[in-house]
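No gaps in the numbering here: position 120 of the sequence shown is 119 in numbering that gives the first Met the number 0, and each next residue is one more.
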Amino acid sequence: MSGHGTQIAVARTGGNPFLKAVAALSTLAGWTSAAMIVAAVAITCQMIFVRFVLNGSTVWQTEAVIYLVIAATLIGLPYVQRLRGHVNVDLVPLALAPRARFVMCMVTLSLSILTIAMMLWYGFEYWHFAYERNWKSDTVWGVRLWIPYLSIPVGFGLLLLQLIADLVAVVLRIETPFGLETGEAVVAAGAEGERF
């Protein structure tokens with residue numbers, strides 16, 4: 000699912016309640032991810048001040064920054080998917096006829112959903128082990144690892160929801176496969192030919 004030009008291609012909801020709810024969750028995840036990045040930057044600045052200005056030692060800051068950045072990456076996944084921000088090469092979809100493009104989109108989204116569902120399953124299992132066995136980090140801070148590990152099932156769960164919403168939007172014809180209109184492929188193919 001790609002966007003072309005300078006505008007941001009946001010997943011359309013078409014007034015569908017399920018798609019609107021998933022879009023709201025993905026947006027909330029994006030804002031949460033951004034807040035985690037801001038918190039990580041603030042903690043890094045505080046850590047630098049404590050170490051190099053006050054000449055003190057730090058206990059929890061490095062570990063907290065690592066966990067925040069990883070959590071921000073995982074929790075931000077559905078928002079990036081909603082904005083069509085993941086790396087995408089649409090050379091093959093541009094060359095396909097509309098029906099073949101639709102089939103390719105269904106296969107691609109279905110495989111993506113299956114892959115992310117497996118990652119969610121194993122991520123939840125890993126988080127559950129950490130919670131059940133009360134794992135703690137081997138640091139002075141000794142953080143309970145189920146807290147930062149919670150970002151694994153949450154991030155993949157929200158990404159899975161966004162991918163399912165993308166599939167539903169294409170099936171309901173709210174979105175076009177790979178974000179390409181029928182005429183767009185012809186124009187893009189013609190533009191490619193003019194360059195050579």
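Note that the Cβ used here is the ideal one computed from N, Cα and C, for glycine as well.
Worksheet item: Looking at the unbroken alpha helix (DSSP H) that takes in I69, where does it start and where does it end?
Response: 60-81
Discussion item. Between which two residues does the alpha helix (DSSP H) holding V169 run?
Written reply: 150-170
Worksheet item: Contact between the region 171-180 and the region 39-48: three or more CB pairs below 8 Å?
Response: Not touching, per the Cβ criterion.
Worksheet item: F17: which of A164, E174, V68 sits nearest, CA to CA?
Response: A164
Worksheet entry | Coarse secondary structure for R11, derived from DSSP in three states | coil
Worksheet item: What's the C-alpha gap between F123 and L149?
Response: 8 Å
Discussion item. Buried or exposed for C104, going by 16 or more other Cβ atoms inside 10 Å?
Written reply: By the Cβ-count criterion, C104 is buried, with 16 or more other Cβ atoms from all chains shown falling within 10 Å of its own Cβ.
Worksheet item: Alpha carbon to alpha carbon, what distance is there between A28 and R100?
Response: 30 Å
Practice prompt. Could you check what DSSP says for P176 in three-state terms: helix, strand or coil?
Written response: helix
Worksheet item: In this structure, does DSSP put A187 in helix, strand or coil?
Response: Confidence is the limiting factor: at A187 the pLDDT is only 48, short of 50, which leaves the residue's position unreliable, though a coordinate-based value still follows. In the three-state DSSP reduction, A187 falls in the helix class (H, G or I).
Worksheet item: So, helix, strand or coil for R132, using DSSP?
Response: Correct three-state label for R132: coil.
Worksheet item: Does the distance from the C-beta atom of W134 to that of L144 stay below 9 Å?
Response: yes
Worksheet item: The alpha helix (DSSP H) spanning G29 covers which residue range?
Response: 16-47
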